[in-house]
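When you line the sequence shown up against my numbering, it's residues 898 to 1238, in that order. Glycine included, each C-beta is placed from N, C-alpha and C at the ideal position.
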Amino acid sequence: MGDPASIGPEITVKTLADKTIYDKCQPIVVGDVSVMEEAVKIVGRENDIKIHGINSVDEALFTPGTIDVYDMKLVDINELKRGEVSIMSGNAAFQYVKKVIELAMENKIDATVTNAINKEAINLAGYHYSGHTEIYAEFTNTEKYTMMLAHENLRVVHVSTHVSLREACDRVKKDRVLEVIRIANQACKELGIKEPKIGVAGLNPHSGENGMFGREEIDEIIPAINIASEEGIIVEGPVPPDTVFSKAKGGWYDIVVTMYHDQGHIPLKVVGFVYNHEEQKWDAVAGVNITLGLPIIRTSVDHGTAFDQAGKGIANELSLINAIEYAIPMAQNKKVVEVCN
């Protein structure tokens, strides 16, 4: 459900109001019944959507028009202030994530899809994580992982994410770059791409221009690419950062390995987030955030809590729909792999 004070509950209702979702999967919302009932009213669907509280996956109905909510009972609806950071909401958001991970690790669900959490709120509640990715890594005991962002045929993975830019440059090391190339290759195969083509972005302008603008490409990135190529991975680079994404969008690459957070996030959000200036609203907030390298499937919306829109019923649900639609084939392909193994 995401942070109770965010747009998460509202876009969840909007998404699951689409009956075709139930033709593709069996959705369960982990959250609070009281918050979801209020969200139904906020988006104006109280006449055709009902909330069904459950205490176990076995109790879910999976019926269009009825949203099954695994009720954690963590929010006092009379104390909830939408659009504001609070310890109550931070605690609830963290506990929802922890519970959905537990359900997946126990094989009670096939995939997890997350709405946004507020990092300040969960830290105020005493949980010191920089985001979903780090929470998933800890509670699945995963050491080698990375974030992937996707919008249509543009996909990016990151060598580093939530660290300062200065530290991000220091983290561009051969072993980590190679690790992310391998994870990217496997991720594409799990999405059904038989022979993934991987583009690796440089760190420096013009990919260092043969050492004129930095040596990271020569000392760290190229050696990693060479090893991956020797392993049979189809990989190219380092490609100058100002052209690699246009090439990927044009079909040259199935995925791009980026060196730091904003290098990957900016191009994805430029193509996925579309603001209509005349109507003063977002026509699209699309894109998916996926954590790779985990023993379970995790996809997510590619936007924040949008506290400024919370409680107004105007938030765009497209990114959540995208996240669900990405999780389904990943779950299906994972089952095929498990059967084959």
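| query | result |
| --- | --- |
| Cβ contact (3+ pairs, closer than 8 Å) linking the segment 1188 to 1204 and the segment 925 to 939 | no |
| Which listed residue (Pro1164, Val972, Gly941) has its alpha carbon closest to that of Asn1050 | Pro1164 |
| Three-way DSSP call (helix, strand, coil) for Tyr1223 in this model | helix |
| Burial state of Val1185, where buried means 16 or more other Cβ atoms lie within 10 Å | buried |
| Where Asp1062 falls, given that 16 or more other Cβ within 10 Å makes a residue buried | Looking at the sequence itself, residue 1062 is Leu, so the reference to Asp does not match. Leu1062 comes out exposed. |
| For Glu1127, the nearest candidate out of His1048, Arg1079, Ile974, Asn1230 (CA to CA) | Arg1079 |
| Alpha-carbon spacing of Gly980 relative to Ala989, whole angstroms | 15 Å |
| Coil, strand or helix - Arg942 by DSSP | coil |
| Per DSSP, cross-strand counterpart(s) of Leu1046 | Val1053, Asn1186 |
| Cβ shell of Glu1092 (< 7 Å), same chain only, five flanking positions each side left out | Ile1131 |
| Supposed close pair Thr1043, Val1060 - CB separation, criterion 8 Å | The pair is not a contact, with the Cβ atoms about 13 Å apart (cut-off 8 Å). |
| Given 8 Å, three or more beta-carbon pairs between the segment 909 to 920 and the segment 1208 to 1222 | yes |
| Residue interval of the beta strand (DSSP E) (run including Phe1170) | 1170 to 1173 |
| Thr1188 versus Gly1105, Tyr1033, Asp1205, Arg1052, residue with shortest Cα-Cα distance | Tyr1033 |
| Assumed close pair Gln866, Ile904 - CB separation to whole angstroms, cut-off 8 Å | Summary: the structure shown does not reach residue 866, with the chain confined to residues 898 through 1238, and so no result is reported for it. |
| Nearest neighbour of Asp900, chosen from Asp968, Thr1011, Pro1226 [CA to CA] | Thr1011 |
| Beta carbon of Ala936 nearer than 9 Å to that of Ala1224 | no |
| One or two residues paired with Ser1197 in a DSSP bridge | Thr1011, Asn1186 |
| Limits of the alpha helix (DSSP H) - the one that Pro1120 falls within | 1119 to 1127 |
| C-alpha gap between Gly950 and Ala1084, whole angstroms | 34 Å |
| Residue burial classification, Met1045 (beta-carbon count within 10 angstroms, cutoff 16) | buried |
| Distance between Val1153 and Gln896 (C-alpha atoms, nearest Å) | Residue 896 lies beyond the residue range present for the chain, which begins at 898 and ends at 1238; the question has no answer from this structure. |
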